[in-house]
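Counting with this note's numbering, you get residues 14 to 369 for the letters of the sequence shown.
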Amino acid sequence: MKNLKKIITISFLAFVISCSSDDNGENPIIEGDFQNGVIVLNEGGYTYANASVSFISNSGEIQNHIFSDVNGRNLGDVAQNIGFDNDLAYIVVNNSNAIEVVNRYTFESVATIAGQLHNPRFIEFHNGKGYVSNWGDGTDTEDDFIAVIDLNSNTQISTISVPEGPEKLVEENGKLYIAHQGGWGYGNSISILDLNSNSITGSISVSDVPTGLVEEDGFLFVLCAGKASWTGEETTGAMYKINLQNNQIVDEFEFAQGVHPTFLQIENDKVYYTIGNDIYRTETSNIEPSNSPFISTSDDGLEILYGFNVDDNWVYVCDAKDYQSNGALFVYSLSGNLDGEYPIGGIIPNGVYFND
């Protein structure tokens, strides 16, 4: 396997140094050791209970296993997602059926939410409550639910039954949009949950396996992977733009047969999506498939693209390697040039979060 080394160019150093000062040229008040940088969530191997969190400061310093180092215990089994609510980070740990609540800047433990979650996936917030998608039991297609968390007490207070396979969530104007990826099956809808009544008020039909869900300027962008060929019933991937004023699809396109996109992000009126190890982009105003990638990460030695994010003119890409070795984080400029490669001391990095 390729030996990893950290590569930091002058341009990236200039960028991160500029981010560490405010408009008056004064250093900001540091609230904790893990402010002003990016958090990398490492999923860990299934049943190995070796999930972890890494932090890369704006000066390029890497710190691994920050949850366990601060709290003296392991994070758990299969870290799925992190959601931020003010100064707290909610880490959804899927196979531990738990959410670890920490101060996002110090990573000191605040609470552990457990006991009623069942295969939790993603978390979203609204009006003092957290909403967590849960797959439930894989043998039961009717036990999937949204768990409701009281953020004051960090306890689960209720559940809301939803169709099978709830995955990514977006809250907008008191409504929770739920992508039904399908759990252990294959979903093809977006449920609309009214958070005032805690009831499903509508559903939007999309293509199979909606994997990406992002709101931007009153529109919901949905990326669907489609069913893979190994399922025996392959379907095409697709992208949708939905007007949230009336929940109507206003733009859409299908990918070519055999093409199955995975991840979706939006930044500065650009839609970024991944196919295999390649990253493409299109316009939010007029979504259409791009003919060629603007970043081909395999050319730079990335093995398995397993997560990515875009922020402030930089593209961050997680490399899961062989799913057993420590991963890496690749940083690209929006011109498509590799700017830095960071070795991550964790297994299967799956998400990048900004902690300024």
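Glycine included, C-beta positions come from ideal geometry on N, C-alpha and C.
- In summary, VAL263 is exposed, with fewer than 16 beta-carbon neighbours lying within 10 Å of its beta-carbon over all protein chains present.
- At a Cβ-Cβ threshold of 8 Å, ASN368 and GLN76 do not count as neighbours.
- Take TYR199, set aside five residues on each side of it, and the residues of its chain with a beta-carbon closer than 7 Å to its own are ASP221, VAL222 and LYS240, in chain order.
- By DSSP's assignment, GLU267 forms a beta bridge with ALA251.
- For VAL344, the closest of GLU44, GLY50 and GLY45 by C-alpha to C-alpha distance is GLY50.
- The DSSP assignment places complete beta strand (DSSP E) segments of no fewer than 3 residues inside the stretch 59-88 at 65-70, in order along the chain.
- Per DSSP, ARG117 lies in no beta strand (DSSP E) segment and is marked neither H nor E.
- THR168 has its alpha-carbon roughly 45 Å from the corresponding atom of SER303.
- For PRO223, the enclosing beta strand (DSSP E) covers residues 223-229.
- If you draw a straight line from the Cα of ASP313 to the Cα of PRO274, it comes to about 20 Å.
- Taking the Cα of PHE135 as reference, the smallest distance to any Cα among GLU113, THR310, ASP100 and GLN261 is reached at GLU113.
- TRP148 is classed as buried because its beta carbon has at least 16 other beta carbons within 10 Å across all chains shown.
- Annotation for HIS139: the continuous beta strand (DSSP E) segment containing it runs 133-139.
- Per DSSP, the continuous beta strand (DSSP E) segment holding GLU280 begins and ends at 274-280.
- The shortest CA-to-CA distance from SER348 to any of THR297, PHE234, TYR293 and ASP332 is the one to TYR293.
- Setting aside the 5 residues that flank it on each side, TYR366 is surrounded in the same chain by ILE52 and ILE95, each with a C-beta closer than 6 Å to its C-beta; the list follows chain order.
- ASP82 and GLY89 have their C-alpha atoms spaced approximately 14 Å apart.
- In the displayed model, SER311 falls within a helix according to three-state DSSP.
- In the three-state reduction of the DSSP assignment, TRP243 falls in the helix class, which pools H, G and I.
- Setting aside the 5 residues that flank it on each side, GLY141 is surrounded in the same chain by LEU164 and ASN165, each with a C-beta closer than 7 Å to its C-beta; the list follows chain order.
- Of the residues VAL183, LYS283 and GLU301, the one whose Cα lies closest to the Cα of LEU257 is VAL183.
- Comparing C-alpha distances from THR152 to each of THR60, GLY195 and VAL123 shows the shortest one belongs to GLY195.
- When secondary structure is reduced to three states using DSSP, ASN107 falls in the helix class.
- Boundaries of the beta strand (DSSP E) harbouring LEU189: 188-193, taken from the DSSP string.
- With contacts defined as CB atoms closer than 8 Å, GLU280 and ASP324 qualify as a contacting pair.
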